[in-house]
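Scroll down for the structure; my scribbles are underneath it.
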Amino acid sequence: MSGSREVTGVEAHSAGGTGRLVMRDPRDSGHGHAVERYVIAKGEGRPRYMELLGGRYLHPDRPPRPGFVGRIIEDAAAVTDDELDALLAYEWRSRYTAAWLIGVDRRASFRERLGELLLASEVCYAGGAYCFALARLGTRADAEILVAYLDRYLPRTDLRYDQPQALGALLRLDAALGTSYAERFLTPGGLWETWVGALPQLRDDSAYTPERLRGWTDLRCDFADGWTRP
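958 is the number of the first residue of the sequence shown in the working numbering; add one for each residue after it.
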């Protein structure tokens, strides 16, 4: 990847890295504007990535800030593939926002890239957005990416990555496609139950039920369905 460099330590931590991180500054590829326009988007009050991450839009008593939804629709349609590529090669805020734009606009051409990033799990938070985008794309190919992720990371009971978001997205896809990809993860004593059982100091596991996880995915995807242009 031209212009890419490996960062470690404090620099990697600042970028959201879970360890060593290979990334490329969008300015190096002539796309420095993409962070300001699509990720920060100061015209919406708080930066866009914070609005998306916070999930304010999911609560009827806390509606999104004026213009938030309209600008998401416009930018998801306007952002170029090159700009998305540049954002996906940068730190977690840019990757998170790019994945949301891909999901809102259903850019199926990014399916493989999203799968690679999800399986690599290089940065925090972004994986949840990759799962959202895959759920929005809505095909068996997307379900199989989520299955591959769960096969790799559910046995890692020491890692708290994006296993819940991946399972929630997979359950939504199963419901839409009439498939049963998630079934083998949910058998009694199986991978999901074991992973949840290994969570440290877990007092209430109700947030990790399959129903709750699918519900959170449904909220995000159904709300995005209301944004998307016909």
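Note that beta-carbon positions come from the ideal geometry of N, C-alpha and C, so glycine has one too.
What number of angstroms, rounded off, separates the C-alpha of Phe1142 from the C-alpha of Val1061? As a first step, residue 1142 is located in the sequence shown; it is residue number 185 there, counting from the start. As a first step, residue 1061 is located in the sequence shown; it is residue number 104 there, counting from the start. Phe1142 and Val1061 have their C-alpha atoms some 28 Å from each other.
Output the residue ranges of the beta strand (DSSP E) runs that lie fully inside the segment 1031-1081 and measure 3 residues or longer, sorted by chain position. Fully enclosed beta strand (DSSP E) runs of no fewer than 3 residues are not present anywhere in the segment 1031-1081.
If you count every other CB in all the chains shown that lies within 10 Å of the CB of Gly989, and 16 or more means buried, which is it? Within the sequence shown, the letter at position 32 stands for residue 989. With fewer than 16 other Cβ atoms within 10 Å, it is exposed.
For my contact list, Val1203 and Arg1005 are in at a C-beta cut-off of 8 Å; report their separation, rounded to the angstrom. The displayed coordinates of the chain run from 958 to 1187. Any statement about residue 1203 would go beyond what the structure contains.
By the DSSP assignment, the beta strand (DSSP E) with Val979 in it spans what residues? Here residue 979 refers to the residue found at position 22 when the sequence shown is read from its first residue. Where Val979 is concerned, the enclosing beta strand (DSSP E) stretches over 978-980.
Report the residue from Val1026, Gln1158, Arg1070, Ala1033 whose alpha carbon sits nearest the alpha carbon of Ala1046. Within the sequence shown, residue 1046 is the residue found at index 89, counting from 1. That would be Arg1070, whose Cα lies nearest to the Cα of Ala1046.
For the segment 1079-1098 against the segment 1129-1142, do three or more pairs of beta-carbon atoms, one drawn from each stretch, fall closer than 8 Å, so that the two count as touching? Yes: at least three Cβ pairs fall under 8 Å.
Considering only their Cβ atoms, is the gap separating Ala1055 from Arg1028 smaller than 8 Å? Here residue 1028 corresponds to residue number 71 of the sequence shown, with the count starting at 1. Here residue 1055 corresponds to residue number 98 of the sequence shown, with the count starting at 1. Not in contact: Arg1028 and Ala1055 (Cβ atoms no closer than 8 Å).
Arg1050: which of Pro1121, Pro983, Cys1178, Tyr1106 sits nearest, CA to CA? Here residue 1050 corresponds to residue number 93 of the sequence shown, with the count starting at 1. Residue Pro983 is the option with its Cα nearest to Arg1050.
In this structure, how does DSSP classify Arg1177 when only helix, strand and coil are distinguished? If you number the sequence shown from 1, residue 1177 lands on position 220. Arg1177 sits in a helix when the DSSP states are folded into three classes.
Confirm, please, whether the CB-CB distance from Ile1102 to Leu1075 is below 8 Å. Counting from 1 along the sequence shown, the entry for residue 1075 is found at position 118. Counting from 1 along the sequence shown, the entry for residue 1102 is found at position 145. Result yes, Cβ atoms of Leu1075 and Ile1102 sit closer than 8 Å.
Would the beta-carbon of Leu1127 fall within 8 Å of that of Leu1015? Position 170 of the sequence shown, counted from the start, is the residue given in the question as residue 1127. Position 58 of the sequence shown, counted from the start, is the residue given in the question as residue 1015. Not a contact, by the Cβ cut-off of 8 Å.
Are there 16 or more other CB atoms within 10 angstroms of the CB of Val967, so buried, or fewer, so exposed? Indexing the sequence shown from 1 puts residue 967 at position 10. With a pLDDT of 48 at Val967, under the threshold of 50, the predicted position of this residue should be treated as unreliable, though the coordinate-derived value follows. So Val967 ends up on the exposed side.
With H, G and I counted as helix, E and B as strand and the rest as coil, what does DSSP make of Ala1083? Along the sequence shown, read from residue 1 onward, the residue named residue 1083 stands at position 126. In the three-state reduction of the DSSP assignment, Ala1083 falls in the helix class.
Going straight from the alpha carbon of Leu1010 to that of Ser1066, what length do you get? Within the sequence shown, numbered from 1, the residue matching residue 1010 stands at position 53. Within the sequence shown, numbered from 1, the residue matching residue 1066 stands at position 109. Distance between the alpha carbons of Leu1010 and Ser1066 is about 24 Å.
For the putative contact between Ala1092 and Arg1129, defined by C-beta atoms under 8 Å, what is the C-beta separation to the nearest angstrom? Taking the first residue of the sequence shown as 1, we reach residue 1092 at position 135. Taking the first residue of the sequence shown as 1, we reach residue 1129 at position 172. Right, their Cβ atoms sit about 5 Å apart.
Let me confirm a value: Asp1119 is counted as buried when at least 16 other C-beta atoms fall within 10 Å, else exposed. Which label applies? Within the sequence shown, numbered from 1, the residue matching residue 1119 stands at position 162. Note on Asp1119: 16 or more other CB atoms within 10 angstroms of its CB, so buried under the neighbour-count rule.
By a C-beta neighbour count over all protein chains shown, 10 Å radius and 16 as the cutoff for buried, is Thr1174 buried or exposed? Stepping through the sequence shown from its first residue, residue 1174 is reached at position 217. So Thr1174 ends up on the buried side.
Spatial distance of Met958 from Val1080 (CA atoms): Along the sequence shown, read from residue 1 onward, the residue named residue 958 stands at position 1. Along the sequence shown, read from residue 1 onward, the residue named residue 1080 stands at position 123. A caution first: Met958 carries a pLDDT of 46, below 50, which makes its placement in the model too unreliable to give a value.
Spatial distance of Arg981 from Leu1170 (CA atoms): For this step, residue 981 is matched to residue 24 along the sequence shown. For this step, residue 1170 is matched to residue 213 along the sequence shown. Take the alpha-carbon of Arg981 and the one of Leu1170: they are about 33 Å apart.
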